[in-house]
Amino acid sequence: QVQLVESGGGLVQPGGSLRLSCAASGSIFSINAMGWYRQAPGKERESVARISSGGPTTYADSVKGRFTISSDNAKNTVYLQMNSLKPEDTAVYYCNLKFGGWRQAWGQGTQVTVSS
Numbered sequence: 016q017v018q019l020v021e022s023g024g025g026l027v028q029p030g031g032s033l034r035l036s037c038a039a040s041g042s043i044f045s046i047n048a049m050g051w052y053r054q055a056p057g058k059e060r061e062s063v064a065r066i067s068s069g070g071p072t073t074y075a076d077s078v079k080g081r082f083t084i085s086s087d088n089a090k091n092t093v094y095l096q097m098n099s100l101k102p103e104d105t106a107v108y109y110c111n112l113k114f115g116g117w118r119q120a121w122g123q124g125t126q127v128t129v130s131s
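Take the sequence shown: its position 106, counting from 1, is numbered 121 in my numbering, and each next residue is one higher.
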């Protein structure tokens, strides 16, 4: 069984920063990629950022230049540094792990609220 534990969400003013962390544990093998998704009220879950096992990263157009994804492979941990936050970034952020070819796991979600 695989567990993903997220932390770092909260309330921040527009223009502020937050750093999300996600630590994976359990029967993990052959990690393909780790990433972050988000879901705002009334909207579908969308991909925010992804980092592949070889290091390449991809970002949603809406967060390019503001968010940075990184990982610590030794700790099976992925981070999302979010700068210049906007109210439209408000959502529940979910960590995602793809491993073992076709398997994937999700975190429980952490709330990020950007408001003055």
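From the three backbone atoms N, C-alpha and C, an ideal C-beta is built for every residue, glycine too.
Here the structure is a predicted model, which is why all the values come from computation and not from measurement.
Using the DSSP secondary-structure output, state which residues sit across from residue i in a beta bridge.
| i | result |
| --- | --- |
| SER86 | VAL93 |
| VAL20 | ALA38 |
| ARG60 | None; ARG60 has no bridge partner. |
| ASN111 | GLY50, TRP121 |
| SER67 | ALA48 |
| THR72 | ILE66 |
| GLN126 | VAL107 |
| LEU26 | THR128 |
| LEU100 | Answer is none; LEU100 lacks a bridge partner. |
Give me the residue from the options with the minimum Cα distance to residue i.
| i | options | result |
| --- | --- | --- |
| TRP51 | CYS37, SER45, GLY116 | CYS37 |
| GLN123 | LYS79, VAL107, LYS113 | VAL107 |
| GLU21 | SER45, ARG53, ASN47, SER42 | ARG53 |
| GLY70 | ASP104, SER86, ASP76, ASN91 | SER86 |
| VAL129 | TYR109, ALA55, LEU19 | ALA55 |
| SER77 | SER131, THR105, GLY23 | THR105 |
Just to check my reading of the structure: residue i and residue j have Cβ atoms closer than 8 Å, yes? What is that Cβ distance to the nearest angstrom?
| i | j | result |
| --- | --- | --- |
| ILE84 | ILE66 | 5 Å |
| LEU100 | LEU33 | 7 Å |
| ASN88 | SER40 | Rounded, the Cβ-Cβ distance is 14 Å, inconsistent with contact. |
| SER68 | ASN98 | The pair is not a contact, with the Cβ atoms about 25 Å apart (cut-off 8 Å). |
For the ligand ATP, is there a heavy atom less than 8 Å away from the beta-carbon of residue i?
| i | result |
| --- | --- |
| SER32 | Among the components modelled here there is no ligand, and therefore nothing to report on the ligand ATP. |
Any contact between the stretch 24-36 and the stretch 52-63? By contact I mean 3 or more CB pairs, one from each, below 8 Å.
no
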